[in-house]
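Read the structure below first, then the notes.
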Amino acid sequence: MQFISTRGQVPAVSFSTAVAQGLAPDGGLYLPESLPDLKPYLAEWSKLGYAELCEAFFAVFATDIDPDELTRIVARSYTKFVHDDIAPIIKLDADHYVLELFHGPTLAFKDFALQFLGNLYESQIARTKGRISVLGATSGDTGAAAIHGLLGKEDVTTFILYPDGRISPLQERQMTCTGSDNVFPLAIQGSFDDAQTAMKTVFEDREFAEAVGLSAVNSINLARILAQCVYYLWAYFRLPEGVRSEVTFVVPTGNFGNVLAGWLVQRMGVPIKGFRVATNQNDILHRLFQTGCYELEAVAPSVAPSMDIQVASNFERFIYYAEGRDPAKVREIIQTFKATGKYSFDNFDSEAFSSSRTDDAQIAEIIKDVYETYGYIVDPHTACGFNKGMGGKEIILATAHPAKFPDTIRAAIEQDSTHPSLEALKSRPIIKHSVEPTPEAIKAFIRNRI
Ligand SMILES: *Cc1c(COP(=O)(O)O)cnc(C)c1O
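Residue numbers for the sequence shown follow my numbering, beginning at 17 and rising by one.
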């Protein structure tokens with residue numbers, strides 16, 4: 017299978033090339049040339065364990081990777097998850113399920129993709145004898161998951177930009193207390209969007225990117241999106257057969273990566289009913305789905321920091337399909353949005369999606385309410401998913417373990433939420449670096465360290 021850019025100005029590439037490049041050289045995002053129909057596989061796949069399902073799914077896309085090598089990559093990727101089911105489903109009542117995606121090493125769903133991506137990189141480096149510099153920007157969980165996915169991998173140097181003081185102290189510790197000398201957490205003065213914008217500009221300097229072997233771990237990397245598709249399939253199969261196609265997937269959303277993965281699974285023929293995009297007070301996507309207008313506003317830091325995002329980078333992938341797979345139209349939309357901070361869609365087709373918005377006060381109320389109703393503790397991101405049920409059956413994606421956000425949990429329910437892997441971090445020294453959020457400063461830092 018070949019992969020194309022949403023902006024249509026570069027030739028199609030193999031899976032390995034799309035993964036290695038992250039962002040396409042024309043500034044676009046990679047997508048499969050055409051989406052396969054998964055229906056013929058579903059009966060067979062419904063019987064597989066998590067890692068087997070992941071392998072079967074990737075065999076459809078990663079056609080340039082030797083099947084035995086793919087088996088090894090996938091087998092290594094889910095061994096650090098502490099739950100036997102990898103992604104267990106909890107039934108709260110007749111209409112509400114939770115898909116727990118926080119049993120990986122950094123206790124957030126991003127481990128699903130980044131453990132896998134780390135092993136993909138390792139395999140690729142072994143094959144090409146090259147070395148790579150990974151650059152990412154994080155609103156908290158991506159950075160931690162990326163660092164833990166790449167920890168101890170030879171010939172990989174990892175640089176992660178994050179907004180200083182705007183991620184939770186434990187998220188920061190997960191990134192800065194690794195004691196690893198090939199990992200550089202870079203604290204910037206600014207928002208996540210500032211970090212992401214600077215990062216994208218660094219990638220657009222192709223000469224620099226090639227010179228240092230730059231690769232992206234943000235959800236712009238297609239391998240991450242595809243790895244996330246797997247748990248939608250997994251969850252679909254675990255739901256009772258009679259209700260599978262009546263359940264809406266509710267996805268706490270920031271960069272639109274997670275929910276996009278689910279939507280792609282639906283487009284590949286899996287009869288999922290639909291999706292609710294659950295935002296926090298940074299609600300650009302909620303406003304979009306309500307009005308058809310995608311309009312930038314300032315980021316207001318919230319108690320669900322991994323969703324404190326306005327420019328949802330994966331949205332470009334959705335636009336590509338929504339606008340009839342027309343790269344010229346995608347370019348026009350992105351240009352208009354960049355220039356004016358706004359784009360109004362005519363005939364915005366969002367049939368598969370509903371949306372909701374949850375502010376900080378509501379998050380606290382929901383954490384309390386869910387705890388009192390079900391005796392179940394949700395983290396502040398997952399709490400956004402419990403807002404405004406549409407009345408039908410829903411499966412809410414629990415995107416992080418509540419112990420990552422102990423202050424918010426304690427304020428809401430006067431309970432301590434802890435996790436042994438987090439307690440262990442508290443006695444380790446923090447190592448981080450201050451860098452200006454400009455492409456020049458970031459490039460200079462990378463050049464000096466490799
Ligand atoms: C990253 C993250 C999100 C947002 O996911 P996107 O793919 O960016 O939409 C939600 N919750 C948590 C806990 C996260 O780490």
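Idealized CB from N, CA, C, for every residue including glycine. Given the structure is predicted, the values throughout are model-derived calculations rather than measurements.
7 Å Cβ cutoff met for I236 and S329: Their beta carbons are under 7 Å apart, which means I236 touches S329 by this criterion.
Proximity below 7 Å, CB of Q326 to CB of L304: L304 sits away from Q326, with the two beta carbons spaced by 7 Å or more.
Contact test: S322 Cβ vs ligand 1 heavy atom, cutoff 6 Å: yes
Cβ-based burial, D299 [other Cβ within 10 Å; buried from 16]: buried
Candidates Y390, A243, E85, D324: closest to A314 by CA position: Ranking Y390, A243, E85, D324 by CA distance to the CA of A314 puts D324 first.
V228 - DSSP class collapsed to helix/strand/coil: Helix, per DSSP.
At least three beta-carbon pairs within less than 8 Å, the region 404-421 to the region 104-124: yes
Separation of S32 from Q140, as counted between CA atoms: 8 Å
Beta-carbon gap between S62 and I466 smaller than 7 Å: Inclusion of S62 and I466 in the CB contact set at 7 Å is not warranted, their separation being larger than that value.
Enclosing beta strand (DSSP E) for Y94 [first to last residue]: Counting along the chain, Y94 falls outside any beta strand (DSSP E), and DSSP gives it neither H nor E.
Sufficient close CB pairs (3 or more, under 8 Å) joining the region 204-212 to the region 144-159: yes
Runs of alpha helix (DSSP H) wholly within the region 173-213 (minimum 4 residues, chain order): 185-192
Range covered by the alpha helix (DSSP H) that runs through G134: Counted as a single uninterrupted DSSP element, the alpha helix (DSSP H) harbouring G134 occupies residues 126-144.
Any non-hydrogen atom of ligand 1 closer than 6 Å to A124 Cβ: yes
Test item: CB-CB of A160 and M191 under 7 Å: yes
Touch test, the region 42-56 against the region 368-387, Cβ-Cβ under 8 Å, three pairs minimum: The region 42-56 makes no contact with the region 368-387, as fewer than three CB pairs between them are under 8 Å.
Assigned exposure category for L51 - 16 Cβ within 10 Å defines buried: exposed
Whether C400 touches P317 by CB criterion (7 Å): no
Cβ distance (whole Å) where P343 is taken to contact G38 below 8 Å: Actually they do not touch by this definition, with Cβ atoms about 18 Å apart.
The region 248-257 touching the region 169-180, judged by at least three CB pairs closer than 8 Å: no
Beta-carbon proximity check, K289 vs E257, cutoff 7 Å: The answer is no: Cβ separation not under 7 Å.
Short Cβ contact (7 Å threshold) for V319 with I393: no
A225 classed as buried or exposed, judged by whether at least 16 other C-beta atoms fall within 10 angstroms: buried
DSSP bridge partner residues for T295 (one or two, in chain order): R373
Cβ pair count under 8 Å reaching 3, the region 338-354 against the region 266-282: In this structure the region 338-354 does not lie against the region 266-282, because fewer than three pairs of beta carbons, one per stretch, are closer than 8 Å.
Distance between beta carbons of D80 and S30, contact taken as under 8 Å: At roughly 4 Å, the Cβ-Cβ gap stays under 8 Å, so S30 and D80 are in contact.
Sub-7 Å separation of K169 and E138 beta-carbons: yes
Supposed contact pair P396 and T424 - C-beta distance, whole angstroms, cut 8 Å: 5 Å
Q205, buried or exposed, once every other Cβ within 10 Å from all chains shown has been counted against 16: exposed
Presumed contact (8 Å Cβ cut-off) between K420 and L123, rounded CB distance: 6 Å
Beta carbon of S93 nearer than 7 Å to that of Q131: yes
Proximity below 7 Å, CB of C193 to CB of R444: yes
C-alpha gap between K345 and E339, whole angstroms: If I take the Cα positions, the gap works out to 7 Å.
For A28 and E49, believed in contact at Cβ under 8 Å, the rounded distance: 6 Å
Integer-rounded CB distance, given that I383 should sit under 8 Å from A428: 4 Å
D157: CB within 6 Å of a non-hydrogen atom of ligand 1: yes
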